[in-house]
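Working notes, structure below.
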Amino acid sequence: MGDYNEAIKVFEMAIEKNPTEWWWWDSLGKVFKIKGDNDGMINAFQTAVNKFTTESVLWMGLGEAFKAKGDYDGMIKTFQTAVNKVPTEPALWTGLGEALKAKGDNDEVIKTFQTAVDKFPTESWSWKHLGDAFEVKQDYEGMIKTFQIAIDKNPTKSWSWSGLGAAVVKFPTKWWSWKCLGDALSEKKDYDGMIKAFQVAIDKNPTKSWPWEGLGDTFIMREDYDEAIKAFQIVIDKDPAKSWLWKRLAYAFKAKRDYDGMIKAFQTAVDTFPTVWWMWRQLGDAFKAKEDYDGMIQVFQTAVDKNSTESWSWGCLGDALKSKGDYDGAINAFQTATNKNSTESWSKGRLGNEFKDKDEYEGAIGTFYTTFDEFPTKDWLLKGVGDALKAKGDYDGMIKTFQTAVNLFPTEWWTWQALGDAFKLKGDYDESIKVFQTAVDRFPAQPWLWEQLGDVLKAQGDDDGVIRVTTSSSRA
8 MGDYNEAIKV
18 FEMAIEKNPT
28 EWWWWDSLGK
38 VFKIKGDNDG
48 MINAFQTAVN
58 KFTTESVLWM
68 GLGEAFKAKG
78 DYDGMIKTFQ
88 TAVNKVPTEP
98 ALWTGLGEAL
108 KAKGDNDEVI
118 KTFQTAVDKF
128 PTESWSWKHL
138 GDAFEVKQDY
148 EGMIKTFQIA
158 IDKNPTKSWS
168 WSGLGAAVVK
178 FPTKWWSWKC
188 LGDALSEKKD
198 YDGMIKAFQV
208 AIDKNPTKSW
218 PWEGLGDTFI
228 MREDYDEAIK
238 AFQIVIDKDP
248 AKSWLWKRLA
258 YAFKAKRDYD
268 GMIKAFQTAV
278 DTFPTVWWMW
288 RQLGDAFKAK
298 EDYDGMIQVF
308 QTAVDKNSTE
318 SWSWGCLGDA
328 LKSKGDYDGA
338 INAFQTATNK
348 NSTESWSKGR
358 LGNEFKDKDE
368 YEGAIGTFYT
378 TFDEFPTKDW
388 LLKGVGDALK
398 AKGDYDGMIK
408 TFQTAVNLFP
418 TEWWTWQALG
428 DAFKLKGDYD
438 ESIKVFQTAV
448 DRFPAQPWLW
458 EQLGDVLKAQ
468 GDDDGVIRVT
478 TSSSRA
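Take 8 as the starting number for the sequence shown in the working numbering and just add one per residue.
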């Protein structure tokens, strides 16, 4: 267990040495939070907001401290003061509304967000909170009036119509107006209302595909996959060239687990669009879902016959052969793919992965290195080398590879993560910590790096270091 008292002393010293830097107070408050000391957290943030009156983060921390203690009066008082000090910060208004809501004072919640919409008349969040407050109170007339005013003030913004069906009255041929109505009904899980809305949209826009798409998606939400499939098949007949409609149809078949139906539909699709690779992929995936690997291989063999000069067809065949466990066949297919188009790195990368999966590590390493020589801007090829060395258990080679990756691609966070992990696997925790510490300094917003640094410190038994990383990452 970490020594929270020592962490508190560290941050108190930091505050004493850096009295004009507010974030040390934020870190101190968070240590009290981790420790579960609500009073200490309140005292820290109260002192902080007295010194830094316009820092909204500190006001949020103080409000959270009162909330953790269950002191909603204190929370309300905090946010009331905060919105007076920093009236332009939306999060503080939201915090005040949540505090009042937690206390059950719906009238004051409404009053708060009425003030917010006066201050932020073009911001969707202020109107939404006010409408939600009327809904909680079951004052639906107030809710409707709120969104009507929002529409008057923001007539060209689609969000302002989302609380009302009025959008479809004013804009009957605009897809977004129906979508807004659908979204509003969706929040209430009123799927019947959504279906009726899109059926009316179909009547008003008979030549358009989007109402059918909305109808099909609604049936999927309702888990009525038969009707969803019908809707998408109708719209595909109307507009077969729109690829995303076929993807939605595939989703409906998969959700229903109707792979026979999916196979029938996409056999038609590949006959109609024999050069569209992802339609072949959907057909092959349907056979794979049935665990019919021979059928899957036959699909992609046909794709190869029809698209013999395209590397993607050989890549799909390689995937199918691998699914059946035929690694030699997969390697041959990916080798053919690389021969068909030597300017593509992906097929050579896949070839390297096939060697690795077959435990032919030297073949994998050689393939990735050779390909990287051809495509020196593809950083992921070095990752392939490192992963093959890791599988081989060659941690020194892994370290050397990822050191090269860091030198060539210092702005890619994964290179630092991979190098730190390599040192950790070798058991060299000191070097691993150095790498991860450099990484979090360079990429403070990347949570994986903070987590990895904490893991290495924990493995080394440095509990104080883990606490410092936890508080620093939360500040980042």
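Each residue gets a CB set at the ideal place from its N, CA and C atoms; glycine is no exception.
Open item on the list: Applying the 10 Å Cβ sphere with the 16-neighbour rule, what's the burial state of MET82?
Closed with: buried
Open item on the list: Helix, strand or coil for ARG475? Go by DSSP, reduced to three states.
Closed with: helix
Open item on the list: Residues in the same chain with beta-carbon distance under 6 Å from ALA21, minus the five sequence neighbours each way, listed in chain order, please.
Closed with: TRP31
- [ ] Taking only the alpha-carbon atoms, compute the straight-line gap between TRP134 and PHE120 and give it to the nearest angstrom.
- [x] 8 Å
- [ ] Leaving out five residues on either side along the sequence, give the residues of the same chain with a beta carbon under 7 Å from the beta carbon of ALA109.
- [x] TYR79
TODO: Return the chain-ordered ranges of every alpha helix (DSSP H) run that is complete within the stretch 392-439 and spans a minimum of 4 residues.
DONE: 402-415, 420-433
Task: Nearest-angstrom beta carbon gap, GLY393 and THR374 [assumed within contact, 8 Å] - done: Not confirmed; about 14 Å, so no contact.
Open item on the list: If you reduce the DSSP assignment to three classes, tell me which class GLN453 lands in.
Closed with: coil
TODO: Buried or exposed for GLN289, please, with buried defined as at least 16 other CB atoms from any protein chain shown within 10 angstroms of its CB.
DONE: buried
TODO: Just mark ARG264 as buried or exposed, buried being the case when its beta carbon has 16 or more other beta carbons within 10 Å.
DONE: exposed
Open item on the list: Quick check: what's the CA-CA separation for ASP271 versus TYR368?
Closed with: The displayed chain sequence assigns Lys, not Asp, to residue 271. Distance between the alpha carbons of LYS271 and TYR368 is about 41 Å.
Task: Cα-Cα separation, PRO417 to ASP112 - done: 53 Å
Open item on the list: Going by C-alpha to C-alpha distance, which of PRO383, THR384, ASP386, LYS399 sits closest to ALA371?
Closed with: LYS399
Open item on the list: In whole angstroms, give me the CA-to-CA distance for LEU464 and TYR436.
Closed with: 8 Å
Task: Per-residue burial, THR422 [other beta carbons within 10 Å of its own, 16 or more giving buried] - done: buried
TODO: Take ALA75 as the anchor and find which of GLN308, THR122, ASN45 has the nearest alpha-carbon.
DONE: ASN45
Open item on the list: With a threshold of 6 Å on Cβ separation, who are the neighbours of ALA337 within its own chain once the five nearest residues in sequence on each side are excluded?
Closed with: GLY325, LEU328, LYS329, GLU361
Open item on the list: My output table needs one value for ASN12: the three-state DSSP class, helix, strand or coil.
Closed with: helix
Task: ILE7 versus ASP333: straight-line alpha-carbon distance, rounded - done: The question about residue 7 has no answer here: the residues shown for the chain are numbered 8 through 483.
Task: Contained alpha helix (DSSP H) runs [length at least 4] in the stretch 287-363, N- to C-terminal order - done: 300-313, 318-330, 334-347
TODO: Give me the Cβ distance between ALA293 and TYR266, rounded to the nearest whole Å; I'm assuming they're in contact under 8 Å.
DONE: 5 Å
Task: Inter-residue spacing [alpha-carbon to alpha-carbon] between GLU494 and LYS42 - done: With the chain represented from 8 up to 483, any question about residue 494 goes unanswered, as that position is not in the structure.
Open item on the list: Alpha carbons only, please: which of GLY468, ALA276, TRP457 is nearest the one belonging to GLN444?
Closed with: TRP457
- [ ] With a threshold of 16 other CB atoms inside 10 Å of the CB of THR391, please say whether the residue is buried or exposed.
- [x] Correcting the residue identity first, residue 391 is Gly in this sequence and not Thr. GLY391 comes out buried.
TODO: For the alpha helix (DSSP H) holding ASP88, just list the boundary residues, first then last.
DONE: Reading the sequence as shown, one finds Thr at residue 88 and not Asp. It spans 79-92 - the alpha helix (DSSP H) in which THR88 sits, taken as one unbroken run.
TODO: Could you check which residue in ALA429, TRP420, LEU415, PHE280 has the C-alpha nearest to that of ALA446?
DONE: TRP420
Task: Through-space distance from ALA262 to GLY291, alpha-carbon basis - done: 16 Å
Task: Straight-line Cα distance separating ASP233 from PRO281 - done: 27 Å
TODO: Would you mind working out which of ILE440, GLY102, PRO454, LEU388 sits nearest GLY468, comparing C-alpha positions?
DONE: ILE440
TODO: Could you work out which residue in ARG229, SER320, ALA276, THR214 is closest to ILE202 when comparing CA atoms only?
DONE: ARG229
Task: Anticipated Cβ contact below 8 Å, TYR258 with THR225, distance rounded - done: About 13 Å separates the two Cβ atoms, so there is no contact after all.
Task: For GLU19 and PRO26, the rounded distance between their alpha carbons - done: 10 Å
TODO: Locate the alpha helix (DSSP H) running through LYS249, then write down its first and last residues.
DONE: From DSSP, LYS249 is part of no alpha helix (DSSP H); its letter is neither H nor E.
Task: PRO26 in three-state terms, based on DSSP - done: coil
- [ ] Can you have a look at ASN314 and say buried or exposed, based on whether 16 or more other CB atoms are within 10 angstroms of its CB?
- [x] buried
Task: Continuous alpha helix (DSSP H) stretch holding SER216: start and end - done: Unbroken run through SER216: none, as it is neither H nor E.
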